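Residue numbers (the numbering used here): 2 to 268.
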């Protein structure tokens with residue numbers, strides 16, 4: 002065949018839709034496949050990096066909270082243990098796995114899913130600089146909850162909840178007082194029969210709430226209910242540890258992003 006004849010071989014890869022072409026002219030071969038692959042990968046990495054830097058909170062698990070706990074951790078903390086069947090609240094039935102020896106067993110798969118969702122929302126609030134209030138009426142866990150709030154730079158309320166603490170804040174305090182952006186209830190009951198008054202007040206003021214709901218609790222007014230045992234000390238210690246790590250991790254991420262933006266703006 003004459004040397005001046007140009008032959009072209011084209012191959013189409015349907016997966017990444019990459020067209021690689023091999024040209025032969027005067028005995029010399031030119032391939033565009035390697036260059037195309039390299040440029041496409043570089044453009045994809047650049048776009049992903051810019052998306053993470055400019056819109057970090059759109060990532061499904063930007064704070065990597067899924068690595069904080071496992072199903073085994075929930076089981077060892079006795080999160081699955083509920084109350085007697087006679088104390089069961091009818092709205093908690095969808096979250097129950099069954100009952101054994103007349104004791105309700107909470108479905109840990111649903112607990113893990115709802116806990117992950119609650120932690121993610123808490124991290125987003127902390128990342129944006131929101132005020133988080135940890136609440137518990139249990140005397141035996143009051144010091145634990147207060148210590149947790151102190152170690153992550155947030156607030157706690159473990160005493161008697163006065164009526165109008167949220168709904169009548171301008172009168173009780175002074176105008177301009179900022180209300181919490183999120184309230185985390187480590188116990189949603191004041192006693193065996195009475196729901197915590199703060200849950201109703203938060204719903205009236207449109208303040209989102211996260212609550213640990215046992216098998217005898219009403220989850221209807223909780224924005225992010227987490228079905229689980231709220232009586233065992235080891236379970237409460239795990240809840241406090243998870244929320245503390247979540248808030249601290251979100252604040253660290255915010256400081257990192259502020260530092261990156263400061264460096265990029267100065268360049």
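Note that the Cβ used here is the ideal one computed from N, Cα and C, for glycine as well.
Model, not experiment: these values are computed from the prediction.
- Membership of residue 125 in the alpha helix (DSSP H) is indicated by the continuous run 109 to 128.
- Residue 222 and residue 251 do not touch by the CB rule: their CB atoms are close to 25 Å apart, not below 8 Å.
- For residue 234, the closest of 112, 93, 139, 98 by C-alpha to C-alpha distance is 139.
- By DSSP's assignment, residue 99 forms a beta bridge with 106.
- In the DSSP assignment, residue 211 is bridged to 185, 225.
- DSSP, reduced to helix, strand and coil, places residue 144 within a helical segment of the structure shown.
- The three-state reading of DSSP puts residue 196 in strand, counting E and B together.
- Between residue 69 and residue 246, the gap from beta carbon to beta carbon is short of 8 Å.
- Note that the C-beta distance between residue 90 and residue 218 is below 8 Å.
- Counting of Cβ neighbours within 10 angstroms places residue 77 among the exposed residues, the total staying below 16.
- Contact between the stretch 190 to 203 and the stretch 163 to 181 is present: three or more C-beta pairs spanning the two stretches fall below 8 Å.
- By the C-beta density criterion, residue 110 is exposed, having fewer than 16 other C-beta atoms within 10 angstroms.
- The DSSP-derived three-state label of residue 75 is helix.
- In the three-state DSSP reduction, residue 87 falls in the helix class (H, G or I).
- By DSSP's assignment, residue 136 forms a beta bridge with 158, 186.
- Closest option to residue 72, judged by alpha-carbon separation, among 63, 239, 209: 239.
- With at least 16 other beta carbons inside 10 angstroms of its own, residue 190 counts as buried.
- DSSP, reduced to helix, strand and coil, places residue 69 outside both helices and strands of the structure shown, so it counts as coil.
- The residue among 93, 175, 241 with its C-alpha nearest the C-alpha of residue 185 is 241.
- Leaving aside the five residues that flank residue 156 on each side, the residues in its chain whose CB is nearer than 6 Å to its CB run, in chain order, 134, 150.
- Between residue 187 and residue 137, the beta carbon gap of about 4 Å places them in contact (Cβ cut-off 8 Å).
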